[in-house]
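In terms of full-length UniProt numbering, the sequence shown opens at residue 1 and continues consecutively. See structure below.
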Amino acid sequence: MLLAEYDYETDIAVQRAEEHEIAFAEGIEQGIEQGFSEGSYQTKLETAKNLLEMGFAIEAIVRATGLSKEEVENI
């Protein structure tokens with residue numbers, strides 16, 4: 001490319017478009033990860049609730065689910 005052919009405005013527009021695509025992809029990835037994390041937490045809560053209903057001790061539920069004692073007690 002000749003120096004005379006270089007278009008600064010086009011170059012900036014292309015860079016911004018690329019940055020937008022990267023940011024969008026990163027946002028989607030973070031959203032998916034957050035969704036999995038929230039789903040995992042909900043599963044732990046459901047398991048803890050079932051174990052409580054079955055009469056398991058809170059300490060055993062804490063060990064089995066990884067939830068805190070307070071989280072189990074608040075179910």
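Cβ coordinates follow ideal geometry from the N, Cα and C atoms, glycine included.
Check	Outcome
Excluding five sequence neighbours on each side, which residues of the same chain lie with their C-beta closer than 8 Å to the C-beta of Leu51?	Ala60, Ile61, Ala64 and Thr65
Could you check whether Lys49 and Ile75 sit closer than 8 Å to each other, using their CB atoms as the reference points?	yes
Whose C-alpha, out of Glu71, Gly35, Glu26 and Glu29, is nearest the C-alpha of Thr47?	Glu71
Whole angstroms is fine: what's the gap from Ile12's alpha carbon to Glu26's?	21 Å
Smallest Cα separation from Leu67: which of Met54, Ser40 and Glu53?	Ser40
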